[in-house]
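In our numbering, the protein residues as written are 451 to 521. The C-beta atom is built at its ideal place from N, Cα and C for all residues, glycine as well.
Here you go:
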């Protein structure tokens, strides 16, 4: 279920609710349900999330309704 009511915070563990396809050939891709950590709070509800398993550790951008707190 997407996060619509909970405020997410810096360094919080989260789970994605959407697929994150690779942005270019050879780049990391992650299915919905991937765990990560919020590393930056963006403007207008966007969050930079470092996904678990990403060898480059490049943050991916997600909207608030694409994340939920990890249990």
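Checklist entry - For residue 473, is the classification buried or exposed, using 16 other Cβ atoms within 10 angstroms of its Cβ as the cut-off for buried? => result Indexing the chain shown from 1 puts residue 473 at position 23. Exposed, by the Cβ-count rule.
Item to check | Proximity winner among 487, 511, 504 and 479, relative to residue 494 (alpha-carbon distances) | outcome: Within the chain shown, numbered from 1, the residue matching residue 494 stands at position 44. Out of 487, 511, 504 and 479, 511 has the C-alpha closest to the C-alpha of residue 494.
Item to check | Presumed contact (8 Å Cβ cut-off) between residue 459 and residue 488, rounded CB distance | outcome: Taking the chain shown and counting its residues from 1, one reaches residue 459 at position 9. Taking the chain shown and counting its residues from 1, one reaches residue 488 at position 38. Right, their Cβ atoms sit about 7 Å apart.
Next on the checklist: Can you list, in chain order, the residues of its chain with a C-beta nearer than 7 Å to that of residue 504? Leave out the 5 residues immediately preceding and following it.
Outcome noted: What you label residue 504 is simply residue 54 of the chain shown in a count that begins at 1. Cβ neighbours of residue 504 beyond the five flanking positions: 478.
Checklist entry - Taking the C-alpha atoms as reference points, what is the distance between residue 518 and residue 508? => result Sequence index remark: in the chain shown, residue 518 carries index 68 (1-based). Sequence index remark: in the chain shown, residue 508 carries index 58 (1-based). When rounded, the distance between both Cα atoms is 20 Å.
Checklist entry - Straight-line CA distance for residue 499 to residue 490? => result Along the chain shown, read from residue 1 onward, the residue named residue 499 stands at position 49. Along the chain shown, read from residue 1 onward, the residue named residue 490 stands at position 40. Each residue's alpha carbon lies about 7 Å from the other.
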